[in-house]
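Scroll down for the structure; my scribbles are underneath it.
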Amino acid sequence: MIVSFTWVLVGALILALLTIFLWSARNKQKKPVPRHVPIAAREEYAEELAIPVIFPPQPAAKPEMPVIPWNYGKDRITLMVRDPNWIFAYWEISAAKQQEFSNQYGHNAWNNSRSVLRVYDVTGVEDFNGTNANDFTDISIHEHVDSWHIDVARPNSSFCVDLGRLFPDGTFITLLRSNIVKTPSMDVSNLFDEEWMWIEGIYRTLNQMYLGSSPAVSKEFGRDMGLIPVNVSSPGLGNRKN
Amino acid sequence: MGKGYLCFVLHAHLPFVRHPEDENFLEERWLYEAITETYIPLIDAFDELVEENIPFRLTISLSPPLITMLTDGLLQERYLRHLNKLIELAEKETVRTRDTVFHPTAVMYRDRLYRIRYLFAEKYHRNLVSAFKKLQDCGRLEVITCAGTHGFLPLLIHQPEAVRAQVGAAVDLYANHFGHKPLGLWLPECAYTYGVDNILKEFDIKYFFTDTHGVLYASHRPKYGIYAPIFCRTGVAVFGRDIESSKQVWSSNEGYPGDYDYREYYRDIGHDLEYGYIAPYIHPDGIRVNTGIKYFRVTGKDCEKQPYCRENALSKADIHAGNFLFNREHQIAHLNSLMDREPIIVAPYDAELFGHWWFEGPDWLKQVLRKAHYDFPGIETITPHDYLKKYPCNQVATPCPSTWGNNGYNEVWLCRENDWIYRHLHIMAEKMTELVDANTYPGGLKQRAIKQAARELLLAQSSDWAFIMYTGTMVEYAIRRTKQHVQNFLRLYDQIKNNNIDEGFLGHLEYRNNIFPDININYYQSAPGQVYSATG
Numbered sequence: 001m002i003v004s005f006t007w008v009l010v011g012a013l014i015l016a017l018l019t020i021f022l023w024s025a026r027n028k029q030k031k032p033v034p035r036h037v038p039i040a041a042r043e044e045y046a047e048e049l050a051i052p053v054i055f056p057p058q059p060a061a062k063p064e065m066p067v068i069p070w071n072y073g074k075d076r077i078t079l080m081v082r083d084p085n086w087i088f089a090y091w092e093i094s095a096a097k098q099q100e101f102s103n104q105y106g107h108n109a110w111n112n113s114r115s116v117l118r119v120y121d122v123t124g125v126e127d128f129n130g131t132n133a134n135d136f137t138d139i140s141i142h143e144h145v146d147s148w149h150i151d152v153a154r155p156n157s158s159f160c161v162d163l164g165r166l167f168p169d170g171t172f173i174t175l176l177r178s179n180i181v182k183t184p185s186m187d188v189s190n191l192f193d194e195e196w197m198w199i200e201g202i203y204r205t206l207n208q209m210y211l212g213s214s215p216a217v218s219k220e221f222g223r224d225m226g227l228i229p230v231n232v233s234s235p236g237l238g239n240r241k242n
Numbered sequence: 001m002g003k004g005y006l007c008f009v010l011h012a013h014l015p016f017v018r019h020p021e022d023e024n025f026l027e028e029r030w031l032y033e034a035i036t037e038t039y040i041p042l043i044d045a046f047d048e049l050v051e052e053n054i055p056f057r058l059t060i061s062l063s064p065p066l067i068t069m070l071t072d073g074l075l076q077e078r079y080l081r082h083l084n085k086l087i088e089l090a091e092k093e094t095v096r097t098r099d100t101v102f103h104p105t106a107v108m109y110r111d112r113l114y115r116i117r118y119l120f121a122e123k124y125h126r127n128l129v130s131a132f133k134k135l136q137d138c139g140r141l142e143v144i145t146c147a148g149t150h151g152f153l154p155l156l157i158h159q160p161e162a163v164r165a166q167v168g169a170a171v172d173l174y175a176n177h178f179g180h181k182p183l184g185l186w187l188p189e190c191a192y193t194y195g196v197d198n199i200l201k202e203f204d205i206k207y208f209f210t211d212t213h214g215v216l217y218a219s220h221r222p223k224y225g226i227y228a229p230i231f232c233r234t235g236v237a238v239f240g241r242d243i244e245s246s247k248q249v250w251s252s253n254e255g256y257p258g259d260y261d262y263r264e265y266y267r268d269i270g271h272d273l274e275y276g277y278i279a280p281y282i283h284p285d286g287i288r289v290n291t292g293i294k295y296f297r298v299t300g301k302d303c304e305k306q307p308y309c310r311e312n313a314l315s316k317a318d319i320h321a322g323n324f325l326f327n328r329e330h331q332i333a334h335l336n337s338l339m340d341r342e343p344i345i346v347a348p349y350d351a352e353l354f355g356h357w358w359f360e361g362p363d364w365l366k367q368v369l370r371k372a373h374y375d376f377p378g379i380e381t382i383t384p385h386d387y388l389k390k391y392p393c394n395q396v397a398t399p400c401p402s403t404w405g406n407n408g409y410n411e412v413w414l415c416r417e418n419d420w421i422y423r424h425l426h427i428m429a430e431k432m433t434e435l436v437d438a439n440t441y442p443g444g445l446k447q448r449a450i451k452q453a454a455r456e457l458l459l460a461q462s463s464d465w466a467f468i469m470y471t472g473t474m475v476e477y478a479i480r481r482t483k484q485h486v487q488n489f490l491r492l493y494d495q496i497k498n499n500n501i502d503e504g505f506l507g508h509l510e511y512r513n514n515i516f517p518d519i520n521i522n523y524y525q526s527a528p529g530q531v532y533s534a535t536g
């Protein structure tokens, strides 16, 4: 008797939990959630009109999310600029490329080396060839990672990235080389020389005039630098497309 | 006292949200709301000023997706249906609120919606683009456009063909609607980087805009800061956004739109009222949406919202218009003491800020333009092209890569939430060039398929998807749209390569994603040696 009563109790408990769970799951589906819960208005109008409560229908099931490939069977590494301090690279290495590496350096070479991103500073370097960078930094990359946000912390500088294998003896073999990108400046330019362009009617370049610089005016603008908002986004930015 | 120029720029854009497959597609409402709350009120305000013979000048950028949607018969029909529904609700509201403090506002909405329907259906014959064109033709607006689908150009530029197609498609679409090429181009998100101006130059674009630091951090240092344009080496002019005038309007804390007398955006009856009452006017699936009918004013922070009073709000808009011009007058006087030419103050805003977000925005703008004419002889409104005609000699400098997004660079469109999209967008652009190079004179079905592939690529490149993923609201839609266009593109690519184009599938995509009907696929032709150097 006691045993069966316990079972009933457990069953009821499970049922209650299930109800709570389903109820909360159902509530989660109601989108979008209003940003401000409009309590005052609801009270005011609802009482005045006393409309019978109707529950909203369940949202129709959405079609399945389209499936797209992740890799395209192409060896590539692309470098992009995020801001003056950060750049981003993504890459893809085909099985053929890996095989080619093993053929050239031995079939254990892949396992005996580790994946490394070599970030070259190539500011001012013409025709970067892998050996003439100003300096470089290595970042160890997990085998299955295929993109990286890189903290270069160097505004106004140019970068190139190699994805390669680093052997214990320090030998670095490049697998992929990226495009070159330049981080933007974070400050006013220190170059004061002025070059002027006269464009007639408008924009056929006729000649270029070189005038003397006018530091007085430039300094005036320089003084206003503190006014530049760090956050330049618009107030409606988070909302305007809702 | 010296004179100065005020250059208003409104950028109007919505992503391409045309969904013929569904009668009640949620995201299509973005367009309907913007038409009711922003585009028609702005046109109406400009028309009023024209009738008063006020010689204002203002620049407005209409994005190609917006031009396409505003001239699309299906969407025009659906908008009218939406508007009729809204009028029905507004009528009900005047009854429901009778003898309450909300009644005058309800009447205001009803009258306003009737007027909007008259303007849309009768005065402009459903075509708002032609209304903008008329304002351009009568010398008041300088209408420009932005890149094709609002693609974020700095993250595409290492493939110049992709950027060329974004710009070329936009220029062609604009020319179709306005009868000539655009003089300027709005860079989506104000996003500039090295090489972008080279492509603008190819299309004879005279000018573009950057955020403040795009010009202020240019190299060499611009003599006049942001108060005169600079020329890129290509000869394309760059106008930098003014900080002060931007902040007064943009800033959610100290800006005008946060004034306590203005209408509160977040208190919409679509969210507030009893479900049974509002159900016919929200999404049929029961998803609560904004109706545009809102009865409260901003009131204050963390306090009970008070009823909206239209008269008080309008008189505040009038005061703020005067205040804005008063500040510009002082700014210009100060600049004149430093500069040996008349300064230009460039004030760009998202058009949807006016009316949609800041309900009284169009009234404020109308008052600014009116007062500038009557009360402020030292301030003249101007467009970038007019200023360049006046001052054709400008300093040469390379703008600093920049955007008007959070923190001023690319982090909004390249962050952990959206960085995955670029591996797809880039390979698509590469495959697109491959298709065009391999099929120099494609005919019939193949040509149609290549054109549709280009449309799918362009739609996938829309910066809105990355932006939405970053903000974290409506993310699923943005992911779905991105993946759908990638998938459509890849299927077309395979079919074209294998010479087995599925005409049914192609026809379906042409029907659904019908932007850029005359797209010129030659923009994707590979142009060797045109990789723009980023080594500076």
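Chains as they are written, first to last, in the UniProt record's numbering: chain A, 1 to 242; chain B, 1 to 536. The beta carbon of each residue, even a glycine, is placed where N, CA and C say it ideally should be.
Residue 175 of chain A is outside the set of residues whose beta carbon lies under 7 Å from a beta carbon in chain B. DSSP places residue 395 of chain B in the strand class (E or B) of the three-state scheme.
As computed with DSSP, residue 136 of chain A is found in a beta bridge with A:120. With respect to residue 257 of chain B, residue 358 of chain B sits close: the two C-beta atoms are nearer than 7 Å. Contact note: residue 306 of chain B does not reach chain A at a C-beta cutoff of 7 Å; the least C-beta distance is about 10 Å. Membership of residue 422 of chain B in the alpha helix (DSSP H) is indicated by the continuous run 421-438. With a cutoff of 7 Å on beta-carbon distance, residue 105 of chain B and residue 308 of chain B are scored as near each other.
With the criterion set as a beta carbon lying under 9 Å from some beta carbon of chain B, the members of the segment 133-152 of chain A are 146, 147 and 149, in sequence order.
According to the DSSP assignment, residue 212 of chain B belongs to the alpha helix (DSSP H) that extends over 212-216. Shown in chain order are the members of the segment 379-409 of chain B whose Cβ falls below 7 Å from a Cβ of chain A: 388, 389, 392, 393, 394, 395, 396, 400, 401, 402, 404, 405, 406, 407, 408 and 409. A straight-line Cα-Cα distance of about 24 Å links residue 389 of chain B and residue 192 of chain B. For residue 414 of chain B, a Cβ of chain A is located within less than 7 Å of the residue's own Cβ. Under the DSSP assignment, residue 71 of chain B falls outside any beta strand (DSSP E); it carries neither an H nor an E label. Counting only residues of its own chain and dropping the five nearest sequence neighbours on each side, residue 321 of chain B has a CB closer than 7 Å to the CB of 364, 367, 368 and 371. Inside the segment 72-158 of chain B, DSSP marks whole beta strand (DSSP E) runs of 3 or more residues at positions 141-146, from first to last along the chain. Partner residues in the beta bridge of residue 59 of chain B, as assigned by DSSP, are B:9 and B:142. Under the 8 Å Cβ criterion, the segment 85-98 of chain B counts as touching the segment 286-306 of chain B, having at least three qualifying pairs. Between residue 167 of chain B and residue 299 of chain B, the alpha-carbon positions lie close to 44 Å from each other. Distance check between residue 113 of chain A and each of A:191, A:159, A:64 and A:143 places A:143 closest, using alpha-carbon atoms only.
Using beta-carbon distances, residue 66 of chain A counts as an interface residue toward chain B, with a partner under 7 Å. With its beta carbon at least 7 Å from every one in chain A, residue 199 of chain B lies outside the interface. Residue 68 of chain A and residue 164 of chain A have their C-alpha atoms some 27 Å from each other. At least 7 Å separates the CB of residue 100 of chain A from every CB of chain B. Interface with chain B (7 Å Cβ-Cβ cutoff): residue 115 of chain A is excluded. Assigned with DSSP and collapsed to three states, residue 14 of chain B falls in coil, not helix or strand.
Residues of the segment 415-426 of chain B with a C-beta less than 7 Å from any C-beta of chain A: 419, 422, 423, 424 and 426, listed in chain order. Counting along the chain, the unbroken beta strand (DSSP E) around residue 158 of chain A starts and ends at 158-166. In the three-state reduction of the DSSP assignment, residue 149 of chain A falls in the strand class, which pools E and B. Shown here, residue 207 of chain B sits in a strand according to DSSP, grouped into three states. Rounded to the nearest angstrom, the gap between the Cα atoms of residue 194 of chain A and residue 59 of chain B is 29 Å.
Looking at the backbone, the Cα of residue 141 of chain B and that of residue 175 of chain B are separated by about 16 Å. For residue 109 of chain B, there are no C-beta contacts with chain A under 8 Å, since the nearest C-beta of that chain is about 15 Å from it. If one requires a minimum length of 3 residues, the beta strand (DSSP E) runs lying completely within the segment 227-271 of chain B are 237-240, in chain order. Straight across, the Cα-Cα distance linking residue 431 of chain B with residue 171 of chain B is about 23 Å. The beta-bridge partner set that DSSP reports for residue 173 of chain A consists of A:165. Within the segment 269-294 of chain B, the complete alpha helix (DSSP H) segments of 4 residues or longer fall at 269-272 and 275-278, listed in chain order.
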